[in-house]
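J.:
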């Protein structure tokens with residue numbers, strides 16, 4: 129999983145699954161190994177994916193954020209993520225469990241948007 133974490137520097141599409149797998153590394157089971165192998169097969173099939181920057185395009189910054197609601201069944205915390213795009217290319221992204229337990233999907237989305245806005249500034 130450590131090598132997969134290194135790959136998330138250039139592969140934002142891996143961020144969620146790598147963060148999810150890393151939660152179980154203290155006591156991994158067979159199903160976690162199978163999931164890691166599935167990620168490696170996905171990588172093999174998507175070698176052309178990555179972050180690409182093109183010159184000459186208009187510099188526009190966009191940010192997208194999203195969250196699930198109580199996605200972790202053990203502690204009921206939500207997972208949120210965001211991505212910043214510069215001229216359509218990802219320049220910053222994150223996916224992680226929220227620090228607080230939210231009481232609604234709206235609150236989980238609000239926490240995700242707040243985290244995104246803090247990183248934007």
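Numbering (the working numbering), first residue to last: 129 to 249. Glycine included, each C-beta is placed from N, C-alpha and C at the ideal position.
(1) Going along the chain, which residues of its own chain have a beta-carbon closer than 8 Å to the beta-carbon of residue 209, five neighbours each way excluded?
(2) Give the range of the alpha helix (DSSP H) segment to which residue 245 is assigned.
(3) Residue 212 lies in the beta strand (DSSP E); which residues open and close that run?
(4) Is residue 206 buried or exposed, if buried means 16 or more other CB atoms sit within 10 Å of its CB?
(5) Spatial neighbours of residue 148 within its chain, please: CB distance less than 7 Å, with the 5 preceding and 5 following residues excluded, ordered by chain position.
(6) Report the partner residues of residue 197 according to the DSSP bridge assignment.
(7) For residue 156, does the count of other Cβ atoms within 10 angstroms reach 16, so buried, or fall short, so exposed?
T.: With the given structure in hand:
(1) 143, 144, 193, 194, 195, 221, 222, 223, 224, 240
(2) 233 to 248
(3) 207 to 214
(4) buried
(5) none
(6) None, per the DSSP bridge assignment.
(7) exposed
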